[in-house]
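Structure, as structure tokens:
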Amino acid sequence: MADTLYKTKAVSKGGRAGGKVALAEGGLYFHMEHSKGLGGSGEGSNPEQLFALGWANCFNSAVAFVAGQKKIDAAKAVVTCEVGIGREEGGLGLSAKLTLAIPDMDRAQVQELLDSAHQVCPYSKATRGNIPVELVVES
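Numbering of the sequence shown is given in my numbering, commencing with residue 641 and proceeding in unit increments.
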């Protein structure tokens with residue numbers, strides 16, 4: 641990338657099984673634990689949760705960006721990102737479901753914003769063609 645506008649660094653010690661992960665500059669710190677679905681206690685955070693948080697927020701910003709370009713008020717947009725992990729050939733793989741709800745907006749217009757945001761969101765770009773992603777308009 642020729643023009644990096646921001647960088648951050650996270651440091652992990654111990655991985656999923658009772659490890660810790662934190663931002664190098666401080667501010668965020670998580671106790672990590674395997675989810676119950678992966679045989680753990682589920683009493684800490686896991687990478688899939690953190691990925692879902694980041695993608696949901698980034699995608700909501702992408703919705704606001706494309707809505708602004710189209711002169712559409714999407715201030716009430718709610719994005720839900722569901723990230724799954726499961727077995728696939730060669731090990732484990734991820735899947736995602738992005739849901740967009742905008743109260744009092746025509747379903748076709750919400751779909752247009754959802755599709756457009758998926759084209760510009762950095763998380764969507766990074767995962768495109770690498771994991772299955774379902775896009776859903778919530779009524």
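Heads up, the beta-carbon is just placed ideally off N, CA and C, and yes, glycines get one too.
It should be emphasised that the depicted structure is a prediction, and the values quoted were computed from it without experimental measurement.
| Asked | Found |
| --- | --- |
| With Val-723 and Ala-741 assumed to form a contact (beta carbons below 8 Å), what rounded beta-carbon distance in angstroms separates them? | Not confirmed; about 18 Å, so no contact. |
| Check Glu-774 in the structure and name its three-state DSSP category. | strand |
| Could you give the uninterrupted runs of the alpha helix (DSSP H) lying entirely in the region 670 to 721, keeping only those of 4 residues or more? | 687 to 709 |
| Where DSSP assigns a beta bridge to Glu-728, which residues make up the other side? | Gly-731 |
| Would you mind reading off the limits of the beta strand (DSSP E) that contains Leu-663? | 660 to 663 |
| Report the rounded CA-to-CA distance for Leu-732 versus Gly-658, giving the unit in angstroms. | 20 Å |
| Ends of the alpha helix (DSSP H) at Lys-765? | 762 to 767 |
| Start and end of the beta strand (DSSP E) containing Ala-650? | 650 to 653 |
| Can you tell me whether His-671 is buried or exposed? The criterion is at least 16 other CB atoms within 10 Å of its CB, across all chains shown. | exposed |
| Tell me whether the beta-carbon of Val-718 lies closer than 8 Å to the beta-carbon of Gln-751. | no |
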